[in-house]
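K.L.:
Take this structure first; my questions come after.
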Amino acid sequence: MIKKVIYPGTFDPLTNGHLDIIQRSAAMFDHVVVGIAASPSKNTMFTLDERVALAGQATQHLSNVSVQGFSGLLIDFVKQEKVDILIRGLRTTIDFEYEFGLTNMYRRFAPKLESIFLTPTEEYMFLSSSIVREVAIHGGEISEFVPPAVAKAIAQKVKS
Ligand code: COA
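Put into structure tokens, the structure is as follows:
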């Protein structure tokens with residue numbers, strides 16, 4: 001049986017911390033779908049199409065990873081993809097409560113859905129998309145935190 005999982009998030013934009021989780025997942029499962037939520041309430045720097053394209057470029061070396069955007073509820077996307085495992089990253093205890101709340105909510109709608117939490121490597125423990133955006137907006141160097149295509153795309157956004 002092919003084991004397919006979804007790694008959902010907003011990925012505005014994808015960072016090396018996300019990539020770390022994707023690579024760990026790809027080594028454990030047959031297929032990983034990076035599910036990019038439209039997240040309209042987040043007022044994102046990148047459009048959904050841009051986020052999907054950037055994540056696609058950053059994961060092109062991983063043959064069992066695909067990237068898909070979705071709008072609406074994650075639970076509906078999970079059902080559409082016929083997946084019963086979600087992957088989420090757990091960086092610090094701050095993530096824990098938020099993730100615990102989300103997991104319980106998902107279970108109400110999809111009782112058989114399991115969530116697996118992976119921790120990124122230590123150097124990415126405190127990394128987030130908003131920190132990367134903030135540093136870039138103020139002219140800081142972000143190339144060690146994001147894939148090259150993302151660094152280029154952020155530089156272009158900041159310039160415009
Ligand atoms: N490396 C770097 N950053 C990480 C990370 C990692 N390994 N893991 C999490 N993060 C950061 C993200 O960069 C993001 O940072 P920011 O908010 O500072 O920009 C933050 O953690 C949370 O991001 P994310 O994992 O993308 O969560 P989210 O809250 O944006 O989205 C969804 C989570 C997509 C699963 C959720 O919003 C969802 O399900 N949306 C669809 C609508 C829905 O079903 N809503 C009902 C939910 S019950």
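Residue numbers (the UniProt record's numbering): 1 to 160.
Positions of the beta carbon are idealized from the N, C-alpha and C atoms, including for glycine.
Should PRO147 be listed as close to the ligand MN, given that the test is whether its C-beta is under 8 Å from any heavy atom?
P.N.:
This structure simply doesn't include the ligand MN; it includes the ligand COA instead.
K.L.:
Excluding the five sequence neighbours on either side, which residues of its own chain have a C-beta within less than 7 Å of the C-beta of LYS157, listed in chain order?
P.N.:
Counting only Cβ-Cβ distances below 7 Å, and skipping sequence neighbours, we find MET45.
K.L.:
What separation, rounded to the nearest whole angstrom, lies between the Cα atoms of LEU48 and ILE36?
P.N.:
Spanning the two alpha carbons is a distance of roughly 7 Å.
K.L.:
Between ARG51 and the ligand COA, is the CB less than 8 Å from at least one heavy atom?
P.N.:
No; taking the cut-off as 8 Å, the Cβ of ARG51 has no heavy atom of the ligand COA nearer than that.
K.L.:
Considering only the alpha carbon of each residue, which of ARG24, LEU86, GLU99, LYS42 lies closest to LEU62?
P.N.:
Measuring from the Cα of LEU62, the nearest candidate turns out to be ARG24.
K.L.:
I believe LEU118 touches ILE87 by the beta-carbon criterion, under 8 Å. Please report the beta-carbon distance rounded to the nearest angstrom.
P.N.:
Yes, they are in contact, since the Cβ atoms of LEU118 and ILE87 sit about 6 Å apart, within 8 Å.
K.L.:
For HIS61, list the residues DSSP reports as bridge partners.
P.N.:
Its beta-bridge partners do not exist; DSSP assigns none.
K.L.:
Which residue from ASP30, THR92, SER71 puts its Cα closest to that of ILE85?
P.N.:
Of the listed residues, the one whose Cα sits closest to ILE85 is ASP30.
K.L.:
Is there contact between the stretch 139 to 153 and the stretch 7 to 19, where contact requires at least three CB pairs shorter than 8 Å?
P.N.:
The stretch 139 to 153 vs the stretch 7 to 19: in contact.
K.L.:
For ILE75, which residues of its own chain have a beta-carbon under 8 Å away from its beta-carbon, when the five flanking residues on both sides are left out?
P.N.:
Contacts found: TYR106, PHE109, ALA110, LEU113.
K.L.:
What does the alpha-carbon distance come out to for the pair residue 217 and MET1?
P.N.:
Nothing about residue 217 can be read from this structure; the chain reaches only from 1 to 160.
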